[in-house]
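Report on the structure given below.
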Amino acid sequence: MSKVIGVVAVDSKYGIGNEGKLLPFPREDMLHFQSTVKDGVILCTGSTYNQMRKSLGEFFVYSRKPIYYVSAKRACSSGAYLLNIAKRHAASVDKDVYLCGGKRLYELLQSQVDEWIITMDENVYPSDCTLPWIESLFTDPSWNKEVIKELTPTVKVYKVTKNVDNIGVAVV
């Protein structure tokens, strides 16, 4: 069964971008990102799509103006509908769906994500685009956190998954 995997890089204040561009994370992060999503089913906003290499995978683009993204596998103005289409497609080709941004899409679909791959940089960069709710993934006991890679002394990649031991537990 296909999973929905959110992939995001944040600084220590949960910033993801500034003036429409990604923050200056180390090159190793971009290489890790590309190897993670390579040949996958990628769900992203139009602005994120415009910044990505089209050879990475099959793109499903969320945009208010889907007509601009005819080169994508599918483009649509409904995030929930687009996610359902991407999930069906991913299941048919035995792949996962990678939710790769931007902010609007992360916030719209965060409750649908089964697993997060989060690059955390201890530095703080000028940022006008933040995802403060990501902090809850690190503090809420219903999520398991593990470091899967250390890219530099200040940059780590975490795999954050739902803690099945805490799901559906009734307190009596």
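For the record, in the sequence shown the residue sitting at position 75 is 215 according to my numbering, with numbers rising by one throughout.
Quick reminder that beta carbons are idealized off the backbone N, C-alpha and C, glycines included.
As assigned by DSSP and simplified to three states, the class of residue i
i: Asn-303; result: coil
i: Asn-263; result: coil
i: Asp-254; result: coil
i: Glu-159; result: coil
i: Phe-165; result: coil
i: Lys-143; result: coil
i: Val-311; result: Below a pLDDT of 50, predicted positions are generally treated as unreliable, and Val-311, at 45, falls in that range; no measurement from the model is reported.
i: Gly-242; result: coil
i: Tyr-298; result: strand
i: Lys-153; result: coil
i: Leu-271; result: coil
i: Lys-205; result: coil
i: Lys-194; result: helix
i: Lys-235; result: coil
Classification of residue i by the beta-carbon crowding that lies within 10 angstroms, buried from 16 upward
i: Val-233; result: exposed
i: Thr-185; result: buried
i: Leu-239; result: buried
i: Leu-223; result: buried
i: Asp-151; result: buried
i: Val-295; result: buried
i: Met-170; result: exposed
i: Met-260; result: buried
i: Thr-188; result: buried
i: Ser-175; result: exposed
i: Ile-288; result: exposed
i: Val-309; result: Reliability of the predicted coordinates at Val-309 is poor, the pLDDT of 46 falling under 50, and the value obtained from them is presented with this limitation in mind. Its Cβ having fewer than 16 others within 10 Å, Val-309 is exposed.
i: Ala-226; result: buried
Closest residue to residue i among the options (Cα-Cα distance)
i: Leu-245; options: Lys-161, Tyr-202, Leu-162 and Tyr-298; result: Tyr-202
i: Arg-228; options: Arg-193, Lys-205 and Ile-182; result: Ile-182
i: Val-177; options: Pro-164, Ser-211 and Ala-230; result: Ala-230
i: Asp-179; options: Gly-197, Ile-257 and Asp-280; result: Gly-197
i: Tyr-301; options: Arg-167, Trp-283 and Glu-275; result: The question names Tyr, but residue 301 is Thr in the sequence shown. Thr-301 has its Cα closest to that of Trp-283, out of Arg-167, Trp-283 and Glu-275.
i: Gly-157; options: Asp-236, Ser-267, Gln-250 and Ile-288; result: Ser-267
i: Ala-149; options: Tyr-189, Phe-199, Asn-263 and Ala-220; result: Asn-263
i: Ile-257; options: Tyr-221, Gly-241 and Thr-270; result: Gly-241
i: Lys-299; options: Arg-214, Lys-285 and Pro-293; result: Lys-285
i: Glu-159; options: Leu-249, Arg-193, Arg-167 and Cys-269; result: Cys-269
i: Pro-293; options: Ser-211, Glu-168 and Lys-161; result: Glu-168
Residues that DSSP places opposite residue i in a beta bridge
i: Ala-212; result: BP columns for Ala-212 are empty, so no partner.
i: Val-177; result: Paired residues: none, contrary to the question.
Short CB-CB distance (under 8 angstroms) between residue i and chain B
i: Leu-239; result: Protein chains in the displayed structure number just one, and chain B is not present.
Nearest-angstrom beta carbon gap, residue j and residue i [assumed within contact, 8 angstroms]
i: Asp-236; j: Ile-145; result: 5 angstroms
i: His-172; j: Leu-277; result: Incorrect: roughly 18 angstroms between the Cβ atoms, too far for contact.
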